[in-house]
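Student:
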Amino acid sequence: MTALAINGLSKFYDNGNQALCDVSLDIPEGSFYALLGPNGAGKSTLINILADTVRASSGAIMLFGHDMLTERSWCKRRIGVVPQEVAFDPFFTPREVLAFTSGMFGCRPDFDWIDALLARLELIDHAKKNTRQLSGGMRRRLLVAQALVHRPKLVILDEPTAGVDVELRRRLWDFMRELNAAGTTILLTTHYLDEAEELCDHVAIIDRGKLLTARPMQEMMREIASSYLWLNYDKPVELSADVVEKLVDFEPRLSDEGVCLKLGRQQNGSTFHRAYQAAVASFGAPLDAGVRREDLEDVFLRLTGKPEHHHMVDEGNNASD
Amino acid sequence: MRPINADESINIIGAWTLFTREVRRFLKVKMQTIVTPALTAMLYLVIFRYAMGTRQVPGMAVDYFSFLVPGLAMMAMLQNAFANTSSSIIMGKVMGMHIYLLMAPLSAIEVVVAFLAAAVVRALVVAVVFLAVLSPFVDLHLLHPEVILLYGLCGSIIMGGLGLIGGIWARDFDHVAMVSNFVILPLTFLSGVFYSVKQLPPLWQQINHANPFFYLIDGFRYGFLGTGDTDPYASMLVVIATALITTLVCWQLWRTGWRMKE
């Protein structure tokens, strides 16, 4: 069954900016879905529309077969959103915040569940502090607890690990995997593409408000990602017009890995052999060489047209490894 | 909106939770929200008590002190009802907490009723504290409790509603302060809390009659003193209608998401 069916979703802001352009996306029930895109691609707009903090200009959204526009209350009770911005009512403690959120979603506060969440997110020792006294990482975890307190069927995480240290991030992902295994559908945006590749079974990439691709992660890596041969030389290597002509089948390029020759999607012995021979014929024997398969980040950068090996910088986040 | 099942068509728990959250919010800072307004009203009272002595209010068979008490109580109620809703909404908007309210499965009417009910509770608490502290020093008569209750309730709803509208309209704290200081404060001060309109020159009397707060204060005071500048039962209809209209405007604004959703 489809958990979330987005059809022809567009959003124009009042200032004329088009944040989303006719985006259609199906998120299968029980999937762990990565929504990727460069900054300003429209990810947050899409999530904010789902959270009902931004109104869509046009398009339809169905949640488990229910129309988000006409059956808003039904749908909202089944969605939990971890927003990007961290903000809490400064008057209350984490336990109170969770009890209030639970109530707002129409559930009587279940303190066993609230304490279980606080324990799971390592907040139980801080349950009675004022939210102002919590550290940045704790607040972010409280945001996650807040999104889960009404036991939603679809959890939406908008950059949940920005500014969270490696160890904590790993534990957060373990928790998300557990939830997903228990049947919760998860939609995630993140700039940590290695994590997305590892965690998610589906991936969609949007750029400038348009959906570029949406497919199962395995299919994406099998059909879109290709392998390449890299050769490292101890002397500077130049791709002269002559050399490019000779290596044209392998789309040669230079990167910080050295000379890179594309082997195609299906790695196959003879292609590798031909590429290696051609490289040796042009540049001589390499110092080191190897075959690498494009990872999600390579595919992402290639599809969104960002320069190769330009690592994405998370705004305001220096806590990455 | 088509209800999916009876259980989910109205989010009673949600509205109740929002209401209790709004009440607990002001209780957490009770020095500021309850003690201070009561104290301010007391100070006015002390000052005017000594400035005016035991003078009678012209045209009324009451002394100035008894005249002042209900007016000050009502003024405190009105200002606090406004402050409760406006501060909550603008704080949420400025700090980014308003998104939790938007994300919750609460209909516009549930949100508005919860906010207004909390504003009414704050107004009532402030008035009760003020009157309770004062009771040993002044002979309080509740001549028409039903009038007191109705005016108190409608006044708080109107002001809570205006606070909600102001909060929704405002983009920062300054905007709310602007409404509060340039609209609400002059209207309450010039509504006959400190004087009977009969003391005023004819032109100012007319201007006073155009001030909606005048009817609220005057009607509320009638409930205590049994005398006033207007017929409280005639004004009652106007006051009830104003409370209803304010509520409807709030509901409509919240429904459209004006200045709350992009």
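Residue numbers (this note's numbering), protein chains in the order written: chain A, 22 to 342; chain B, 1165 to 1426. Glycine included, every Cβ here is placed at the ideal spot set by N, Cα and C.
Can the beta-carbon of Arg161 of chain A be found closer than 8 Å to that of Gly127 of chain A?
Tutor: To locate residue 161 of chain A, count along the first sequence from 1; it is residue 140. To locate residue 127 of chain A, count along the first sequence from 1; it is residue 106. Cβ atoms of Arg161 of chain A and Gly127 of chain A: not closer than 8 Å.
Student: Closest to Val1210 of chain B by CA distance: which of B:Gly1390, B:Trp1422, B:Phe1301, B:Leu1389 is it?
Tutor: Along the second sequence, one-based indexing puts residue 1210 of chain B at 46. Answer by Cα proximity: B:Phe1301.
Student: Assess, as a yes-or-no matter, whether the segment 1228 to 1248 of chain B is touched by the segment 1281 to 1297 of chain B under the definition of 3 or more beta carbon pairs within less than 8 Å.
Tutor: Yes: the two stretches touch, three or more of their Cβ pairs being nearer than 8 Å.
Student: Between which two residues does the beta strand (DSSP E) containing Thr210 of chain A stretch?
Tutor: Within the first sequence, the letter at position 189 stands for residue 210 of chain A. Note, Thr210 of chain A: beta strand (DSSP E), 206 to 210.
Student: From the DSSP output, in three-state form, read off Tyr1379 of chain B for me.
Tutor: By 1-based counting over the second sequence, the position of residue 1379 of chain B is 215. Of the three classes helix, strand and coil, the one that applies to Tyr1379 of chain B here is helix, per DSSP.
Student: Given Lys149 of chain A, which residues of its chain have a CB within under 6 Å of its CB, disregarding the five upstream and five downstream residues?
Tutor: One-based indexing of the first sequence puts residue 149 of chain A at position 128. Thr114, listed in sequence order.
Student: Once you ignore the five residues that flank Leu41 of chain A on each side, which residues in its own chain have a CB closer than 7 Å to its CB?
Tutor: What you label residue 41 of chain A is simply residue 20 of the first sequence in a count that begins at 1. Closer than 7 Å at Cβ, skipping near neighbours: Leu30, Ser31, Lys32, Gly63, Thr66, Leu67, Gly230.
Student: Does any CB atom of chain B fall closer than 8 Å to the CB of Phe85 of chain A?
Tutor: On the first sequence, position 64 is the one that residue 85 of chain A refers to. Phe85 of chain A has a beta carbon lying at 8 Å or more from every beta carbon in chain B.
Student: What ranges does the alpha helix (DSSP H) occupy inside the segment 271 to 314 of chain A, keeping only unbroken runs of at least 4 residues that lie completely in it?
Tutor: 290 to 304
Student: Within 8 Å, do at least three Cβ pairs link the segment 243 to 261 of chain A to the segment 304 to 311 of chain A?
Tutor: yes
Student: Tell me the rounded alpha-carbon separation between Ile1177 of chain B and Val1187 of chain B.
Tutor: One-based indexing of the second sequence puts residue 1177 of chain B at position 13. One-based indexing of the second sequence puts residue 1187 of chain B at position 23. Their Cα atoms are separated by approximately 15 Å.
Student: At a CB-CB cut-off below 8 Å, which residues of chain A make contact with Pro1222 of chain B?
Tutor: The residue you call residue 1222 of chain B lines up with position 58 of the second sequence. From the beta-carbon of Pro1222 of chain B, no residue of chain A is found nearer than 8 Å; the closest lies around 47 Å away.
Student: Listed from N- to C-terminal order along the chain, which residues in the segment 1260 to 1278 of chain B have their beta-carbon within a distance smaller than 9 Å of any beta-carbon of chain A?
Tutor: The segment 1260 to 1278 of chain B vs chain A, Cβ under 9 Å: Gly1260, Met1261, His1262, Ile1263, Tyr1264, Leu1265, Leu1266, Met1267, Ala1268, Pro1269, Leu1270, Ser1271.
Student: Mapping the DSSP letters down to three states, classify Lys32 of chain A as helix, strand or coil.
Tutor: Within the first sequence, numbered from 1, the residue matching residue 32 of chain A stands at position 11. The answer is strand: DSSP assigns Lys32 of chain A an E or B state.
Student: Could you give the distance in angstroms between the alpha-carbon of Met1241 of chain B and the alpha-carbon of Ser1344 of chain B?
Tutor: Numbered from its first residue, the second sequence carries residue 1241 of chain B at position 77. Numbered from its first residue, the second sequence carries residue 1344 of chain B at position 180. Cα to Cα, Met1241 of chain B sits roughly 14 Å from Ser1344 of chain B.
Student: Taking Pro49 of chain A as the reference, which of A:Trp95, A:Ala26, A:Phe121, A:Leu220 has the closest Cα?
Tutor: Translated into the one-based positions of the first sequence, residue 49 of chain A becomes position 28. Here the closest residue by C-alpha is A:Ala26.
Student: Specify the secondary structure class of Trp251 of chain A as computed by DSSP and reduced to three states.
Tutor: As a first step, residue 251 of chain A is located in the first sequence; it is residue number 230 there, counting from the start. Trp251 of chain A falls in the strand class under three-state DSSP.
Student: Relative to the alpha-carbon of Met159 of chain A, which residue among A:Arg190, A:Pro273, A:Glu199, A:Arg198 has its alpha-carbon at the smallest distance?
Tutor: As a first step, residue 159 of chain A must be located in the first sequence, where it is residue number 138. Residue A:Arg190 is the option with its Cα nearest to Met159 of chain A.
Student: Which residue comes first and which comes last in the beta strand (DSSP E) that contains Met83 of chain A?
Tutor: As a working note, residue 83 of chain A is residue 62 in the first sequence. Segment 79 to 84, the beta strand (DSSP E) holding Met83 of chain A.
Student: State the start and end residues of the unbroken alpha helix (DSSP H) segment that holds Cys96 of chain A.
Tutor: For this step, residue 96 of chain A is matched to residue 75 along the first sequence. Counting along the chain, the alpha helix (DSSP H) containing Cys96 of chain A begins and ends at 93 to 97.
Student: Starting from Tyr54 of chain A, follow its DSSP beta bridges and name the residues at the other end.
Tutor: Position 33 of the first sequence holds residue 54 of chain A. Bridge partners of Tyr54 of chain A: A:Leu208, A:His223.
Student: Quick check on Gly1356 of chain B - is its C-beta less than 8 Å from some C-beta in chain A?
Tutor: Counted from its first residue, the second sequence places residue 1356 of chain B at position 192. No, because no Cβ of chain A sits closer than 8 Å to the Cβ of Gly1356 of chain B.
Student: Pick helix, strand or coil for Val165 of chain A, following the three-state DSSP scheme.
Tutor: One-based indexing of the first sequence puts residue 165 of chain A at position 144. In the structure shown, Val165 of chain A sits in a helix (DSSP, three-state: H, G or I).
Student: So, is the C-beta of Leu1421 of chain B closer than 8 Å to a C-beta in chain A?
Tutor: Along the second sequence, read from residue 1 onward, the residue named residue 1421 of chain B stands at position 257. Checking the displayed sequence, the identity of residue 1421 of chain B turns out to be Gly instead of Leu. Gly1421 of chain B counts as touching chain A.
Student: Would you list the one or two residues that DSSP bridges to Arg236 of chain A?
Tutor: In the first sequence, residue 236 of chain A corresponds to position 215, counting from 1. Beta-bridge pairing links Arg236 of chain A to A:Val224.
Student: Does any CB atom of chain B fall closer than 8 Å to the CB of Gly63 of chain A?
Tutor: Within the first sequence, residue 63 of chain A is the residue found at index 42, counting from 1. Taking Cβ atoms only, chain B never reaches closer than 8 Å to Gly63 of chain A, which makes this a no.
Student: Give the residues of chain B in contact with Pro104 of chain A, contact being defined as C-beta atoms less than 7 Å apart.
Tutor: Walking along the first sequence from the start, residue 104 of chain A turns up at place 83. Result: Ile1263.
Student: Could you tell me which chain A residues have their CB closer than 8 Å to the CB of Gly1178 of chain B, listed as they occur along the chain?
Tutor: Taking the second sequence and counting its residues from 1, the one referred to as residue 1178 of chain B is at position 14. Ordered by position in chain A, the residues that pass the 8 Å Cβ test against Gly1178 of chain B are Gly124, Met125, Phe126, Gly127.
Student: When burial is assigned at 16 or more other CB atoms within 10 Å of the CB, is Asp11 of chain A buried or exposed?
Tutor: With chain A covering only 22 through 342, there is no way to say anything about residue 11 of chain A.
Student: Three Cβ pairs or more, each shorter than 8 Å: is that satisfied between the segment 1194 to 1211 of chain B and the segment 1330 to 1344 of chain B?
Tutor: no
Student: How is the alpha helix (DSSP H) around Gln1416 of chain B delimited, first residue to last?
Tutor: For the purposes of this step, residue 1416 of chain B is taken as residue 252 along the second sequence, with counting starting at 1. Its alpha helix (DSSP H) spans residues 1396 to 1420.
Student: Kindly list the residues whose CB is nearer than 7 Å to the CB of Val334 of chain A, restricted to its own chain and excluding five residues on each side of it in sequence; keep chain order.
Tutor: The count along the first sequence starts at 1 and reaches residue 334 of chain A at position 313. Annotation note: pLDDT 38 at Val334 of chain A (below 50); position unreliable, no value reported.
Student: For Arg1185 of chain B, which residues in chain A fall below 7 Å Cβ to Cβ?
Tutor: Start at 1 with the first residue of the second sequence, and residue 1185 of chain B comes out as number 21. Per Cβ cutoff of 7 Å: Phe121.
Student: Hey, could you find the ends of the beta strand (DSSP E) Gln39 of chain A is sitting in?
Tutor: Here residue 39 of chain A refers to the residue found at position 18 of the first sequence. Unbroken beta strand (DSSP E) run through Gln39 of chain A: 39 to 49.
Student: Could you check the C-alpha separation between Met1239 of chain B and Leu208 of chain A for me, to the nearest Å?
Tutor: For the purposes of this step, residue 1239 of chain B is taken as residue 75 along the second sequence, with counting starting at 1. For the purposes of this step, residue 208 of chain A is taken as residue 187 along the first sequence, with counting starting at 1. Spanning the two alpha carbons is a distance of roughly 51 Å.
Student: When the Cβ atoms of the segment 235 to 252 of chain A are set against those of the segment 78 to 90 of chain A, are three or more pairs found closer than 8 Å?
Tutor: no
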